Amino acid sequence: MEGSLANNFMKTIFSKYVLSLAVVLGLLPVISFAQQGPQLPEDVFPALRPILEQAVQQSPQMVSRNLELLAADGDLTQAKAGMYPSLSGFYRYSQTSDQREDIAERLKSDRTNYSITLTQPLFHWGEHVNNAKIGEIRREIADENYSEAYRLLANQIRASYLSLIMNKIGVTNAAYSLKLADEALASAEDRLEKKVISEGAIFQTRIAADQARLANETAVWTYALAKQSFSKLTGQPASSDYAIPSEIPALIESKDKVDALLAGFLSQEKPETAALRIALKNVMISDLTYKNQRTQQRPKLSFVAGISQDEQSYTSNIAQKYGVESQYVGLQVSWNIFDGFATRGAVASALARKRMAEHSYKQLTETLAQDARKAAKAVDLAQRQLAISERLLNNAENFLNYTRDELKRGQSSEAEINAAQAGYNGTKSSTNSSRYIYLMRVSEFVSLIAADPLVRQIDQN
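Per the numbering used here, numbering of the sequence shown is gapless, rising by one per residue and ending at 655.
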């Protein structure tokens with residue numbers, strides 16, 4: 195009894211120590227998600243996680259998105275420029291030669307003309323403020339597009355990594371099938387040479403060997419292409435054969451966790467995803483654009499100040515000119531009174547685009563819950579198929595072991611062992627395919643409902 199109490203006490207102390215250490219190291223968010231979220235490919239293959247994280251900087255797709263963010267920063271600066279004073283001017287120096295009526299000879303002179311003007315919009319019906327808001331919203335959309343691009347890229351990398359494993363399995367199976375085909379062909383050629391079988395009887399064996407040789411070469415070529423594709427996608431050197439797993443291990447069922455995530459997502463009053471946020475921001479942009487178009491034919495007030503130098507005539511002799519410097523300050527009203535109905539067309543177009551954006555947002559909102567349910571159903575179907583595949587694999591393994599035992603007892607032949615092994619290899623490949631499909635269905639579901647931990651990490655940073 196005392197020993198039991200002591201053991202419980204030590205377990206409690208150890209648990210508290212581990213929990214405290216996790217808090218200090220900042221690992222609680224990871225532990226929490228591991229307990230709550232379904233199993234993803236990077237949970238099954240830890241080597242995939244750093245590849246996914248490094249793809250943010252190294253993937254060609256994300257490098258392009260980074261450049262788009264820089265372009266969006268420049269666009270934002272331009273959008274805000276209308277709210278600030280603008281300063282413009284010109285300077286001209288020239289040497290002239292004038293023929294005057296009151297002087298016999300040509301008069302040569304140096305002329306200097308310049309003008310500097312400062313303009314500050316005062317009241318433009320909110321146009322410049324709206325433009326600044328549009329710039330800010332577009333910058334936010336660029337951030338959302340960056341996050342959305344990484345969300346899609348993460349699933350592409352997951353699928354590509356799992357495809358590498360499947361292709362490696364394909365190479366192994368093709369090599370084994372080729373070995374069996376070559377052995378069968380060698381045996382048949384020997385029997386043909388001994389006149390045991392006819393030339394016609396060996397035809398199918400030769401074709402099978404040629405087909406196996408072609409299948410093996412195709413599998414090796416496809417595997418090499420898959421490695422190149424993965425390298426281009428991630429922006430990292432191609433993985434070595436040793437670094438690529440030989441199979442997808444048995445998985446942990448995640449139906450309860452998927453159902454919990456789906457219920458939590460559907461319980462939100464306004465579910466949020468990057469696509470929804472982008473659609474809503476497009477509605478805001480179209481609304482501000484519509485407001486701006488409606489002000490195009492209204493008078494607009496600006497403050498102006500400046501200094502200029504030009505020539506002026508002050509006498510009845512218009513040829514007698516003097517350089518004059520002027521300094522001025524005041525208000526300026528600009529009014530586009532009639533523009534051939536261009537503004538009317540622009541307003542109608544802006545209103546139509548506004549309604550289109552609102553309709554797209556509404557449609558996306560209405561279909562999001564349905565899409566989430568479809569994705570969860572796809573996970574359920576993939577999990578059920580996986581369970582069947584696992585049972586088939588277990589049966590094939592038992593049959594292979596049984597055949598080996600029978601061989602030891604002299605009750606089966608080497609050919610039967612080879613057939614059982616080939617059947618096991620095919621079933622194992624099919625099971626790995628079911629595991630691949632299941633992992634991708636889970637990844638797609640988690641990604642769709644904005645619960646991908648990798649994307650959340652990017653958004654937080």
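The beta carbon of each residue, even a glycine, is placed where N, CA and C say it ideally should be. Computed from a predicted structure; not experimentally measured.
Residues of its chain near residue i, where Cβ-Cβ distance is below 6 Å and the 5 sequence neighbours each way are ignored
i: Y308; result: Y285, Q503
i: V541; result: Q487, R488
i: L648; result: L246, A348
i: A413; result: G364, V365, A368
i: I479; result: I328, I331
i: A551; result: N476, V477, S480
Nonlocal neighbours in the same chain, by C-beta distance under 7 Å from residue i, ignoring five residues either side
i: E638; result: N349, A569
i: K327; result: L482
i: P235; result: L242, R352, Y355, L356, L633, S637
i: S423; result: S354
i: V212; result: Any reading at V212 needs caution, since the residue's pLDDT is 35, under 50, leaving its predicted position unreliable; the model's value is listed next. Within the same chain, V212 has no close Cβ partners at all.
i: I652; result: V250, S341, Y344
i: G500; result: S309, I310, T311, L312, Y522
For residue i, the first and last residue of its enclosing beta strand (DSSP E)
i: K302; result: 301-317
Identity of the residue in the options nearest residue i by Cα
i: I335; options: L264, G276, W529, I438; result: L264
i: T489; options: F317, S303, V257; result: F317
i: S258; options: Q651, L347, D376; result: L347
i: V498; options: L270, P279, Q251, A249; result: P279
i: Y287; options: Y555, L281, R305; result: R305
i: A353; options: I401, K421, I472; result: K421
i: D646; options: V323, G276, F459; result: F459
i: Y618; options: R538, Q651, Y596, E299; result: Y596
i: S136; options: G429, A613, E584, E383; result: Limits of the chain in this structure are 195 at one end and 655 at the other, which puts residue 136 out of reach.
i: E466; options: Y436, Y555, A432; result: Y555
i: A468; options: I401, R650, T271; result: R650
i: K449; options: R598, L575, N592; result: L575
Same chain only: Cβ atoms within 8 Å of residue i, ignoring 5 sequence neighbours per side
i: L445; result: Q233, V238, L580, R629, Y632, L633
i: L601; result: S607, E608, E610, I611
Element boundaries [alpha helix (DSSP H), containing residue i]
i: D450; result: 449-460
i: T597; result: 536-602
i: F239; result: First-last for F239: undefined, no H or E at that position.
i: R400; result: 397-428
CB contact below 8 Å: residue i versus chain B
i: E519; result: This model lacks chain B altogether, as it is built from one protein chain only.
Beta-carbon proximity of residue i to residue j, cut-off 8 Å
i: K475; j: I331; result: yes
i: I245; j: I351; result: yes
i: S303; j: T290; result: yes
i: A403; j: L419; result: no
i: N339; j: E463; result: no
i: K622; j: L587; result: yes
i: V518; j: L495; result: no
i: N325; j: A273; result: yes
Residues that residue i bridges to, as DSSP identifies them
i: I501; result: I310, Q521
i: K494; result: S528
i: L633; result: Per DSSP, none; premise fails for L633.
i: Q289; result: D304
i: F284; result: S309
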